[in-house]
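If you're matching them up, the sequences are chains A and B in order. For the first sequence, counting from 1, position 12 maps to 32 in my numbering; every step adds exactly one. For the second sequence, counting from 1, position 61 maps to 178 in my numbering; every step adds exactly one. Cβ atoms here follow ideal geometry from the backbone N, Cα and C, with glycine treated the same way.
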Amino acid sequence: KNEVEQSPQNLTAQEGEFITINCSYSVGISALHWLQQHPGGGIVSLFMLSSGKKKHGRLIATINIQEKHSSLHITASHPRDSAVYICAPEETSGSRLTFGEGTQLTVNP
Amino acid sequence: GAVVSQHPSRVICKSGTSVKIECRSLDFQATTMFWYRQFPKQSLMLMATSNEGSKATYEQGVEKDKFLINHASLTLSTLTVTSAHPEDSSFYICSVLRFGLRYSYNEQFFGPGTRLTVL
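In structure tokens, the structure reads:
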């Protein structure tokens with residue numbers, strides 16, 4: 021079973037700050053997802069990556085397969101970025117996802 | 118990206134009744150869909166993998182007779198919570214799996230979720 025740890029659990033930032041959320045997992049994976057969940061509950065897939073780095077707007081995701089670690093960065097954070105961010109490794113054996121506990125991000129104006 | 122819909126978005130029912138939740142893949146045909154459950158302040162937990170044309174695969178601890186899954190077509194999977202009880206109150210989310218295209222590996226697209234409250 022893949023053990024997934026995210027840090028921090030809660031993060032409060034001021035608008036404009038650079039945000040980093042970390043994710044560590046314990047077993048081999050084929051890919052890792054970063055998801056965003058807003059208060060209403062709906063989930064948006066932000067990234068799926070299996071190596072290196074991806075960038076989409078103000079969001080950057082990196083992964084180090086050897087170290088079993090991934091990070092999600094938000095540059096120039098904005099109050100609308102306030103949400104729960106979830107790391108979800110995809111097991112090598114299939115497409116099951118194991119979910120981290122999530123990081124509650126609050127960005128204050 | 119693909120669009121996944123769920124219906125209803127919110128349902129309140131009495132204890133002992135059954136509730137059906139639909140998950141539709143609007144952009145492509147999906148042989149595999151997943152059902153997740155999320156209790157307040159907790160992360161998502163996979164309940165079962167729904168395969169078109171065959172029986173669903175349930176995760177350990179999930180009662181298959183209580184949570185009936187029917188993947189009737191390549192665009193529709195349904196989850197029926199039978200004889201619902203207050204402890205079944207939760208947020209139920211489906212996702213749709215699309216095999217291999219852009220990145221040579223699978224992509225998952227999530228539905229908006231269904232909030233079930235059992236009184």
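- The beta carbon of Ser-90/A is closer than 6 Å to those of Cys-43, Leu-52 and Ile-83 in its chain, skipping five residues each way along the sequence.
- In the DSSP secondary-structure assignment, Ile-85/A is not bridged to any residue.
- Distance check between Gly-48/A and each of Leu-55/A, Lys-88/A, Ala-33/A and Tyr-105/A places Lys-88/A closest, using alpha-carbon atoms only.
- Taking the Cα positions, Thr-123/A is about 6 Å away from Pro-28/A.
- At a cut-off of 9 Å between beta carbons, Ser-65/A contacts chain B.
- Within the model, the alpha-carbon separation for Glu-139/B versus Leu-214/B is close to 16 Å.
- Across the structure, Glu-224/B and Gln-56/A are spaced so that their CA atoms are roughly 16 Å apart.
- Taking CB atoms only, Ile-106/A has a neighbour in chain B less than 9 Å away.
- One thing to note: Thr-32/A has its Cβ no nearer than 9 Å to the Cβ of His-93/A.
- Note that the segment 145 to 158 of chain B touches the segment 199 to 215 of chain B; at least 3 beta-carbon pairs, one per stretch, sit closer than 8 Å.
- When DSSP states are grouped into helix, strand and coil, Arg-78/A belongs to the coil group.
- For Lys-137/B, the enclosing beta strand (DSSP E) begins and ends at 136 to 142.
- Straight across, the Cα-Cα distance linking Gln-34/A with Ala-103/A is about 14 Å.
- Per DSSP, the continuous beta strand (DSSP E) segment holding Phe-151/B begins and ends at 149 to 155.
- At a cut-off of 9 Å, the C-beta of Leu-163/B has a neighbouring C-beta in chain A.
- Each of Tyr-105/A, Thr-95/A and Asn-128/A was checked against the Cα of Glu-121/A, and the nearest Cα belongs to Tyr-105/A.
- In this structure, the alpha-carbon of Gln-86/A lies about 16 Å from that of Glu-23/A.
- It is roughly 6 Å from the alpha-carbon of Ala-165/B to the alpha-carbon of Glu-176/B.
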